[in-house]
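First up is the structure itself, then whatever we jot down about it.
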Amino acid sequence: FRKECNDAHILLQVHDELVTECQSDEAEKVQTIVTEEMRKGGELWLKKVPTGVDSYISDTWEK
Numbered sequence: 076f077r078k079e080c081n082d083a084h085i086l087l088q089v090h091d092e093l094v095t096e097c098q099s100d101e102a103e104k105v106q107t108i109v110t111e112e113m114r115k116g117g118e119l120w121l122k123k124v125p126t127g128v129d130s131y132i133s134d135t136w137e138k
């Protein structure tokens, strides 16, 4: 997503979760890109296991 959203960063990866940070006006675009890439990664490595990706946008850090 760096090509399309210059100020977006992956801050943290924990187990199966990515925490990203970006400008609020780019949040939906970053969410779409990250969600799609995680979905493609799941399909690539877990061909016979159905996977899903959940995501949400927040203006604070959450657990």
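Residue numbering for the sequence shown is 76 to 138, as defined by this note's numbering. We put the CB at the ideal spot given by N, CA and C, even for glycine.
| Check | Outcome |
| --- | --- |
| Beta-carbon separation (whole angstroms), glycine 117 vs threonine 110, contact threshold 8 angstroms | With 8 angstroms as the limit, glycine 117 and threonine 110 do not qualify as a contact, their Cβ atoms being about 11 angstroms apart. |
| Whole-angstrom C-beta distance between valine 89 and cysteine 97, which should lie under 8 angstroms | No, cysteine 97 and valine 89 are not in contact; Cβ-Cβ is about 18 angstroms, not under 8 angstroms. |
| For lysine 115 and aspartate 82, the rounded distance between their alpha carbons | 23 angstroms |
| Residue range of the unbroken beta strand (DSSP E) whose run includes threonine 95 | 92-96 |
| Beta-carbon contacts of valine 94 that lie in its chain and below 7 angstroms, excluding the five residues immediately before and after | Leu86 and Leu87 |
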